[in-house]
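Heads up: the structure comes next, in C-alpha cells.
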Amino acid sequence: MSKHLIDLQNISKSYGSNLVLDEMNLYIRENEFLTLLGPSGCGKTTTLRIIGGFESPDVGKVIFDGEDITRLAPNKRQLNTVFQQYALFSHMTIADNIAFGLKIKKKSKAYIDDKIKYALKLVNLEGYGSRYPDSLSGGQKQRIAIARAIVNEPKVLLLDEPLGALDLKLRQDMQYELIRLKKELGITFIYVTHDQEEALTMSDTIVVMNQGYIQQIGTPEMIYNEPENAFVADFIGDSNIISSTMIRDELVEILGVKFPCVDKDFGENKPVDVVIRPEDVEMVKIPEEITDEEIASENNPAKYGRIQGVVTHLIFKGVHYEMEVMANGFEWLVHSTSLFPIGQKVGINVDPFNIQIMNKPESEDEEAVAIEE
Amino acid sequence: MKNVLKSIYTGLIFIFLYAPMVVLIILSFNKSKSRAKWGGFTIQWYVKLFHNSVVMQALINTLLIAFLSALIACIIGTIAALAMNKMGMFARSAMLGVTNIPMLNADIVTGISLMLLFLFFRFKFGFMTILLSHITFNISYVILSVMPRIKKMNPSNYEAALDLGATPVYAFFKVILPDIWPGVLSGFLMAFTMSLDDFIITHFSKGPGVDTISTKVYAQLKKGIDPEMYALSTLIFISVLALLLLINTLPAGGKKKEKAK
Amino acid sequence: MKNNKFVQFLSVPYVLWAIAFIVIPLLMVFYYGLTDGNGKFTFDNVLAITQTVHYKSLYIALILALISTVICILLAYPLALILTSLKGKNEHLIVLIFILPMWMNFLLRTLAWQTLLENDGAINYVLSFLHLPTIHIINTPVAIVFGMIYNFLPFMILPLYNVIGKIDQNVLNAARDLGANYFQSLVKITLPLSVPGIISGITMVFVPSLTTFVVSEMLGGSKILLIGNVIEQEFTQNSNWHLGSGLSIVLMIFIVISMVITAIFDKDGEGNAL
C-alpha cells in the first residue's frame, strides 16, 4: 500500500458545549479518493476544515507528509479546497479567479496564461476566461472552482460538498467528471458529502461518520455489503435492520424463525442486529387456499418461504418494484423485478450469504448482558 | 498582540464618540452656569428641568412630532411601497427617484425648498409646518426600509389567501402585513430617530414660538444654554442606553442553532 | 390584472404628497434661483457664486468635506473590520453602541466638542497637566473637520459594517486557501467587495459635510463661512431668497457631480448598502 500522506491523530473539536469531533484518528493515503460521508452535523465538514486549516483542533495533531501542520495557516499548506457554493471571487473575471493563487506565488505571466488555458481546457470551459462568475451556471461555477484550485498543483484537493447545489442530472455528470480529473491529475482527493450514492460511485475509501465518531472505514463494496453497525447499514442504501438473536455459529433467529447464515464467533444466544438488503429478500407466491397449518406441516422453505406475510404496499420504480411486506410483525422492504400485487400472500427467503450480522451498539449490549446474568 | 491592538483601536474610537456624552453628563451636575468652569456638584438642574415649561414644551413638541411624523410616514410609505412594487419598470424607477431626493439632497436645500413652499402658499409657520416637513423626509426612510421586505415577499402568499376565500383587506392584515412587519417597524424606528435628531429642516420650517429641542438649543447658543438642557439630554441618553441594553438581553434564543456542522 | 390596477391606485396619496412636498418645493428653488425680485428670468443668482465671498465659501466647504470624508473612511474601515470579526453574541450590541451617539441631540453633541476643544477647555487641561503641548484649534478649519468627522462617522461605519459582514466567509477562506496572507486577501478580496459600502458611506458623509452650516457656526466661531452658512444667512438674515436659491442650485450641482463620480467607481451599481 502507498504511504500515508495525511495523518489525523487523536483529533477533538467542540464548539461551546457541542462536541463535534471526539478523538478521531484517520490516515489518508497518497493518491486515494477518500470520502467523508455522514448526515449533517456528523463532523465531516469540520474534519475537512481542520485539514484545510480553517479550524484548529482543540486536541490532536494533523500530520502532512511527515510534518506537523496543526497550527499552520491555510495559505502555507500544500493543499487546496473546492468550497461549498463555489466561493468564486465575484469581482474578478474567470481568468483572474484561476490566476489568483499563481499571482500570489509571483509566477511569470507566460506561465500563468499557460496554466489558465490548461485549466480551462481540463474542465471543458475553454474561452470563458474573460467572463465574470455571475454569468455562469451552477455547474460551470463548480468547474471554475475546481480549476482555480488545481492550477496551484496541490498534493491534496479538498472538496466540501461540491455538487450539493447542482440538480440531479448535472450531479451525475460531474461525478464522472471528477473521477476523470482525479485520474488525470493523479493527486489525492478528500471529498465531503452526505449523499451515499455519490460516495459509492466515486470513492476508493469511504469514511462513514456520525455524531463526531467514525462508524466505519472501507471500500464502497465493504461499506455496502458488510456494514459494521445499524447506523452504517441504514445510512448506506435501503435496508431491513431487524433486532435478532444469534443462536449459535451460522444460525440466527429472526422474528422467531431460525435462518442459516455464514457468520461465526458472536457467541450463543447473543442479541444482534441483522441487515438484509431489500434486493436480497427472495419471495415466492403462496396460493390463497393454502392454510398456515399446511405450510407448517409441510416445512418446505423453498416452496412457502421461511416466513410468510402479505404485501401491503407496491410502487413501480422503473427497474424494479418496491414492496412492503408485513411478516411476523415486521414491515419488510423488498425490491424485486417481478410483481407481487397488494394483498398477495408470500413466503420470504434469504440466502445465508446475504444475512449480515452486526453487534448491537455497545450500551445496549451491556444492558443485554446485565439482564442475562 | 493583534487582539490588543484591535481593542485599543476600538477603544479610542469609542472614547472619541463618547467624550461629548461624558461632557454633557458632567455639565448637567455643574453648579456653575458657565461651561468653562466647575462650580461644584448639584442636581438642581434636574429639579428645575421639570418646572421649566419652555424646555418641557420643546421636549413634548419633539416627541410628538417624531411620533406623529413616523406614524403617518409609515402608513403612507408602506401603502406606497406596496403599490410601487406592482408598477411597471418606468413608473417605479421614477417614483423611487423622487423618493430618494430628500435623502440624497442636502438638508439645507430640502429645508429652504419647503420654506419657500410654505411662504408661497401662505402656510402659518408652526407645529403643522414642522410636522409636514418631517413626514416628507420620513416617508423616504420608511419606503427604503419596507421595500426590500416587499421584494422578498412571495406574491403567491397573497393569492393563496384570496384563493382560500379571504377578502383583500383581510389578506392584507393577516398575510401581507405580518410578512413585511419587521421592515415597517425598522422604518418607524429610523423615521423616529431621524425626526428626533433633525435640526436643519426644522430650523427652516418652524415658526416663532414653536420649538423642538434642537431649535431651542440653537436659539440659546448665543446667549448661553440653560443647564436644564444638559440634564434633559443626560436623561434621554440614559434612557435610550437602558432601552438598548434591555432589548439586547431579551431575545437570547433562536440564533444559537446555526453553528452546527 | 384588475387587482394590480387597484393596488397601483393605492399609490395616489403618496404621489400627491411627493408632488406637493418634494417636487414643487424643488421647482420653487429653481424658480427663485433663476428670477430676480421682479420675477424676471436671470442667471445672476447662480453666477453670484463667482463672487469672492461665495466662491471661497464653496471652496473651503469642498476641501473640508473631502478631508472629513477621507478621514472617516480611514477611521471607519479598520473599525468595521474589527466589528465584523467579532462573532460573539454581543456583536449587535457593540455595533449599536457605536451608533448610539446619533440618538443624542446633534447640536448638544457639537456643543460638547466646543467645550472640549476650547483653548482653556478639557483637552488642553489634561494636556497641560501631562506637560504636553496644548492645542489651539477651536475656531479654525481643523475644529470644523473634527466636528464633521465626529458627527458623520457613524454614517460611514454602518454601511461598511453591513457590506463587509455580508462577504461570504468561504470567499475569504478561498483566498487564504490559494495562498494569500491576511493582508493580500484584505486588499484583493475584502476591499473590492466592500466598494458599495464605501460609496454609500462617502455619499452619507460628504453631502452633509459639504452643506452643513451648524458645525462651522459652532466650531468655526462664525469666522469661517462655508457655503451652507452663506445660504442660511441669505434666507434667515438677509431675506434674499433669490440669491439663496441661486446658490442652492450651485450646491445641488456639486452634489450631483459628487454622485456621478461615486457612481463611476461603483461599477456594479449596487450602491445603497444600507
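Residue numbers (our numbering), protein chains in the order written: chain A, 146 to 518; chain B, 543 to 803; chain C, 27 to 300. Backbone N, C-alpha and C fix where the C-beta goes; we use that ideal spot for every residue, glycine too.
Counterpart residues of residue i in DSSP-defined beta bridges
i, result
"A/G363", "A/I351"
"A/S389", "A/V417"
"A/S481", "A/Y466"
"A/D213", "A/I208"
"A/L396", "A/R393 and A/P405"
"C/N264", "The partner list for C/N264 (beta bridge, DSSP) is empty, contrary to what the question assumes."
"B/L783", "According to DSSP, B/L783 bridges with nothing at all."
"A/D152", "A/Y172 and A/I208"
"B/M732", "Answer by DSSP bridge pairing: none, since B/M732 is not bridged."
is_contact[residue i, chain B] using C-beta, thresh 8 Å
i, result
"C/F47", "yes"
"C/D146", "yes"
"C/F67", "no"
"C/M174", "no"
"C/V72", "no"
"C/K28", "Because C/K28 sits at a pLDDT of 47, beneath the cut-off of 50, its placement in the model cannot be relied upon, and the following sentence gives the value as read from the coordinates. Output row for C/K28: interface = no."
"C/Q259", "no"
"C/T141", "yes"
Closer than 9 Å at the beta carbon, the chain A residues around residue i
i, result
"C/N188", "Those within 9 Å of C/N188 in chain A number zero; the least Cβ separation is about 17 Å."
"C/G191", "None at all; the shortest Cβ gap to chain A is about 16 Å."
"C/L107", "Result: empty, since nearest Cβ-Cβ is about 18 Å, beyond 9 Å."
Counted within 10 angstroms of its Cβ, other Cβ atoms place residue i as buried (16 or more) or exposed
i, result
"C/T76", "exposed"
"A/I516", "Residue confidence for A/I516 is low, a pLDDT of 34 falling below 50, so the modelled location carries little weight and cannot support an answer."
"B/K798", "Any reading at B/K798 must be qualified, since the residue scores a pLDDT of 38, below 50, and its modelled position is unreliable; the value itself is stated next. Answer is exposed; the Cβ neighbour count stays below 16."
"C/V152", "exposed"
"A/T364", "exposed"
"C/G63", "exposed"
"A/K158", "buried"
"B/I789", "exposed"
"C/Q263", "exposed"
"A/W477", "buried"
"A/A255", "exposed"
"A/M471", "exposed"
"B/P724", "exposed"
"A/E322", "buried"
"B/W580", "exposed"
"B/A636", "exposed"
"A/D203", "exposed"
"B/P644", "buried"
"A/M347", "buried"
"C/Q195", "exposed"
"A/G272", "exposed"
Within-8 Å CB hit, residue i to chain C
i, result
"B/P548", "The sequence given here has Lys at residue 548 of chain B, not Pro. Chain C, which has a Cβ nearer than 8 Å to the Cβ of B/K548, makes this yes."
"B/V565", "yes"
"A/K250", "yes"
"B/I555", "yes"
"B/V651", "yes"
"B/R577", "yes"
"B/N790", "yes"
"B/M598", "no"
"B/I647", "According to the sequence as given, residue 647 of chain B is Asn; it is not Ile. Yes, B/N647 lies at the interface with chain C (some Cβ there is under 8 Å from its Cβ)."
"B/F734", "no"
"A/A232", "yes"
"B/T591", "Here residue 591 of chain B is Leu; the residue named in the question, Thr, does not match the sequence. No, B/L591 does not count as interfacial toward chain C."
"B/T709", "no"
Interface flag, residue i vs chain A, CB-CB below 8 Å
i, result
"C/G297", "Only weak support exists for where C/G297 lies, its pLDDT of 40 falling under 50; the coordinates are left without a value."
"C/V213", "no"
"C/A289", "no"
"C/L112", "no"
"C/L300", "In this prediction, C/L300 has a pLDDT of 40, which is less than 50 and means its spatial position is unreliable; what the coordinates show is noted afterwards. Not closer than 8 Å to any Cβ of chain A, the Cβ of C/L300 fails to qualify, so no."
Within chain C, partners of residue i - CB distance below 7 Å
i, result
"B/P720", "Ordered by position in chain C, no residue passes the 7 Å Cβ test against B/P720, which lies about 18 Å from the chain."
"B/K694", "Those within 7 Å of B/K694 in chain C number zero; the least Cβ separation is about 15 Å."
Contacts that residue i makes with chain C (C-beta to C-beta distance below 9 Å)
i, result
"A/G412", "Per Cβ cutoff of 9 Å: no residues; A/G412 is ~50 Å from chain C at best."
Contact list for residue i against chain A, beta-carbon separation under 8 Å
i, result
"C/P222", "Here the premise fails: no neighbours, minimum Cβ distance about 11 Å."
Contact test: residue i Cβ vs the ligand NAD heavy atom, cutoff 7 Å
i, result
"C/Y103", "The model on display carries no ligand, and the ligand NAD is accordingly not part of it."
Under 7 Å from the C-beta of residue i: neighbouring residues of chain A
i, result
"C/V197", "A232 and F234"
Would you list, in sequence order, the uninterrupted alpha helix (DSSP H) runs of no fewer than 4 residues that lie entirely inside the segment 47–80 of chain C? Qualifying alpha helix (DSSP H) stretches, in chain order: 50–59 and 70–73.
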